[in-house]
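Everything below concerns the one structure shown next.
Residue numbers (my numbering): 17 to 1205.
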């Protein structure tokens, strides 16, 4: 019996049966997205929904893919993965210059570029044609009453049922709704907005009025805006705000809860210029804008104030009285207050006066700090891993940040001299004065900056510039690392600045460390280190103050930045080269140039400032620079790691290839020389493996070698044999081909001024070539009996084609013998080759072509060696126009021979490919591009620079693309001269790779290798490049680990500051909130960085296990740690004990720090934090408070 109860209608999801979880389950991963897709099933006579299963839609890895570098530390990263790219390159026509890999793809697989609309390509043109007039009309419309033209009564009075509504004549430019109200309602609306701009409507238009003029008064110190005893402010009170200069009527509190007047202003976020009777104040919003604008644009306060005046009145008729000096005084105090707040000085019970020198500086988180981010047994690390705990220091002077003789320290002493980045003035100048007779640092290359120090450029200046000391890895300015230069770059100035900056890392005064140990290794980079470091310890022992003495336990290693070192051009200077110093990785240590380039614009404003103000401004800007480096450390190190892994794989493959072409005994001998040189202490006395002696040869010897080669070539040609073997026939054909190429080059180099004698010589050679070709044709018919019939067929097809084209049938006949076709077996189609040629004739040519390829490469390598020696000899000995011309002529002949050898190889390889087809032989005989033809001491060819997009007119774009050439072009117009490299290009040494022509062949392929100093030098350089790239990978991983440890320590330090001062509850709450905020920011930075570095940190434990037997390290390799404990301090365990919120922080490093940008642990920095040394002091943090970025 069926039920009488009506059946309910089955509810079906209107969106296709998909339901999402509105309530998360207890085991849900909040970084993953799940969904359920239901299906309908039959339940007897009814239809129901089956229980849907949860399906993972997006996992945590999906979100991490944009925040972390995915590839692991693979030995094959950046290398050809499967040989496909190489196969595509060798299968194309060798002489085809324009073929690219993309052209070989089918049209269906080519990525089609979406056509951009006209609005996207030319937005200004569309706006100009369609919208310009309407925009102008709408903006002009706002000059009148616009939508409120018909209003006759004040809308606020009407809404409040006022019996007599006032006339609507006032409008606010700042409020969202630009309606018109009466005077009383305008005052009512702006009691909480006293800095809005007000306009009054007249019969002809609007005029600007102030809220003070219509009766608004602003009560201070009372939330109710009412005081029983108000005290009016000064009648000339002006407030500087972001929208102009305002005339505001403040009422101070005069009742029993009154506070000092300047404190009342500060509590309403107005900063007064004075404390007794303030007449000028600036809003906190304006100061924040001015501060950030000055830090980012290096704009002066004077220009900013002029903009405020123009905002107030751009006509110049009602400009307020200048308050520029007041604003400058305010912003200088604001900078100092911010510096103290960021440094945690508000939390110290001892007060601001107890601030130590350098304490307000923001320290580099990746630098090694014993007791903070170094392992407990770091000083016991094995010798080959000690470089991981080495400090990188860079020094340089800047002569743009000069200061004129303006004001004095008595009038302008500065607010925090010596507390951040600038050295403490009194002891510094006292020491410099004691060394008044000290000479300037002499440079072995005569840098212009040093030469100008004692000239007219120093007249009228208090300081001629500054000297700085920086971290060579992070490019951050070190505490106490900048000092003024009184007169040039003297030893006394640079010595003191160096000692002041380095003492926190090499002495026992580093107050933040729990175990105060000095670093053992410090590398010091200076562009004149060869002069400065020579007597450094002698000067330190004789003249330096006791507190700046260098410790005996620290080893200092001098170096010269990579770009500056080649300028010295002195023998044995490799001891200062970062390319050869072990443990430096890929550091170029040119960071002072980058720091100065970002701060040179400050010279326009600081050169006329008083000495103390200039001091504070420089401290502020250096702190901002450090903060940008601090928050950008995540992406910086991730990018460095990715590049380092690729460079390591490329350089190690290149060095392995070079070793494969040399005997093991020879490489072991060279290895021993390199190891002895590296282990020798500075100054080194062991044999320098990177310097070759006696590599130059005279021009007479070069002429003799070239003459012998020419005589040998002529003696082997011109033989006409009628009864000869098949191999002799092919050999004759190859010789004729070589003669054809040589005559073609001679004809190509012919120009209008060629003499009759030279023309006759070419004609003579053509006649001889014609005779040889006729002899060849007579003998070729014996071994290729079907050739005449095939030629007739080809000729007939050609005549038919030419007849259809109305062309002369003789057009296909070559005009000159060097253009004639010989019809060798390789030039015959595969289908008819066996029918035309006798047995084994193609195989004979294939063997001879193979030998021809190797001979051509041998000749090319020999010519490149001659070129290298000639260039060295010419640069060292040739002087004058006549001698230079003769030497250049010899080098030009060498270039011509190299072009001939390259053409010979390319032709032979092309023929071999036609005869043999693809195969393993291509691994040795590769495609020879112009960029491959270089000596083993020459850097890689520079890539063609791309023009700036958008600079060409529309009609010029196609013509430019037609003229472009691929980077792998094969031409005969190359030269062997080293390319001119600008400062932007660098030296090319760091990532230089050997051309494949130098790593081809069997071991000990040349008996001269053992005595070839140039080859030995290049092998040592290749070894150094491979070692530096391995060191870079290890250094970046260690810096990642140290940075995370430093951030965790810094977070704990901030948390420990929350309860240090015993003050009233209101101030205590503010101090605690700020300390917890900074602790959270440090932890959020650590969380973000850890996610960015997830793979690099994990790679440090797995790299060694992944290496196969073919990648066994050589004695000079830098081994990677096999255990987590070697380079990492068990982050996995630490993460398991921390409750860290992995919110997305994309874009944080580029925007600064705000509440919305940082998401972290809600309980970060609470009383349950691990206890730290509460009496220790922390470095400044340019992070966030309510007003900070």
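The C-beta atom is built at its ideal place from N, Cα and C for all residues, glycine as well.
Closest by C-alpha distance to residue i, when choosing among the options
{"i": "residue 681", "options": "544, 1032, 1091", "result": "1032"}
{"i": "residue 91", "options": "1082, 658, 1040, 1073", "result": "658"}
{"i": "residue 394", "options": "537, 496, 295, 276", "result": "537"}
{"i": "residue 298", "options": "287, 291, 761", "result": "287"}
{"i": "residue 837", "options": "790, 802, 866, 854", "result": "790"}
{"i": "residue 692", "options": "598, 634, 620", "result": "598"}
{"i": "residue 518", "options": "539, 148, 336", "result": "539"}
{"i": "residue 835", "options": "801, 757, 855, 864", "result": "757"}
{"i": "residue 15", "options": "1112, 405, 346, 333", "result": "In the structure as shown, the chain begins at 17 and stops at 1205. Residue 15 is therefore absent and cannot be evaluated."}
{"i": "residue 803", "options": "848, 136, 831, 783", "result": "848"}
Beta-carbon spacing of residue i, residue j below 9 angstroms
{"i": "residue 438", "j": "residue 631", "result": "yes"}
{"i": "residue 699", "j": "residue 591", "result": "yes"}
{"i": "residue 578", "j": "residue 593", "result": "yes"}
{"i": "residue 348", "j": "residue 417", "result": "no"}
{"i": "residue 1010", "j": "residue 674", "result": "yes"}
{"i": "residue 327", "j": "residue 221", "result": "no"}
{"i": "residue 243", "j": "residue 269", "result": "yes"}
{"i": "residue 229", "j": "residue 263", "result": "yes"}
{"i": "residue 486", "j": "residue 410", "result": "yes"}
{"i": "residue 1064", "j": "residue 1104", "result": "no"}
{"i": "residue 499", "j": "residue 484", "result": "yes"}
{"i": "residue 272", "j": "residue 236", "result": "no"}
{"i": "residue 650", "j": "residue 1101", "result": "yes"}
Spatial neighbours of residue i in its chain, beta-carbon cut-off 7 angstroms, leaving aside the 5 residues before and after
{"i": "residue 917", "result": "872, 875, 876, 879"}
{"i": "residue 754", "result": "920"}
{"i": "residue 860", "result": "742, 743, 746"}
{"i": "residue 196", "result": "161, 164, 167, 184, 185, 186, 187, 217"}
{"i": "residue 373", "result": "434, 435, 440, 496"}
{"i": "residue 1012", "result": "942, 948"}
Simplified DSSP state of residue i, which is helix, strand or coil
{"i": "residue 384", "result": "coil"}
{"i": "residue 565", "result": "coil"}
{"i": "residue 246", "result": "strand"}
{"i": "residue 135", "result": "helix"}
{"i": "residue 1112", "result": "helix"}
{"i": "residue 423", "result": "coil"}
{"i": "residue 478", "result": "strand"}
{"i": "residue 214", "result": "strand"}
{"i": "residue 833", "result": "helix"}
{"i": "residue 577", "result": "coil"}
{"i": "residue 159", "result": "coil"}
{"i": "residue 130", "result": "coil"}
{"i": "residue 263", "result": "strand"}
{"i": "residue 501", "result": "strand"}
6 angstroms Cβ shell around residue i - same chain, five flanking residues per side excluded
{"i": "residue 625", "result": "none"}
{"i": "residue 512", "result": "444, 447"}
{"i": "residue 414", "result": "481, 482, 612"}
{"i": "residue 1088", "result": "1074"}
{"i": "residue 846", "result": "none"}
Contacts around residue i, its chain only, beta-carbon distance under 8 angstroms, and the 5 residues preceding and following it disregarded
{"i": "residue 664", "result": "1042, 1045, 1046, 1048, 1049"}
{"i": "residue 805", "result": "none"}
{"i": "residue 206", "result": "188, 212, 214, 227, 232"}
{"i": "residue 546", "result": "460, 574, 576, 584, 586, 589, 592"}
8 angstroms contact criterion, which residue i and residue j should meet: CB distance rounded
{"i": "residue 510", "j": "residue 560", "result": "Actually they are not in contact, since the Cβ atoms of residue 510 and residue 560 sit about 12 angstroms apart, beyond 8 angstroms."}
{"i": "residue 534", "j": "residue 564", "result": "Their Cβ separation, rounded to whole angstroms, is 14 angstroms, which puts residue 534 and residue 564 out of contact at 8 angstroms."}
{"i": "residue 1071", "j": "residue 1091", "result": "7 angstroms"}
{"i": "residue 436", "j": "residue 639", "result": "6 angstroms"}
{"i": "residue 296", "j": "residue 351", "result": "Actually they do not touch by this definition, with Cβ atoms about 18 angstroms apart."}
{"i": "residue 608", "j": "residue 412", "result": "3 angstroms"}
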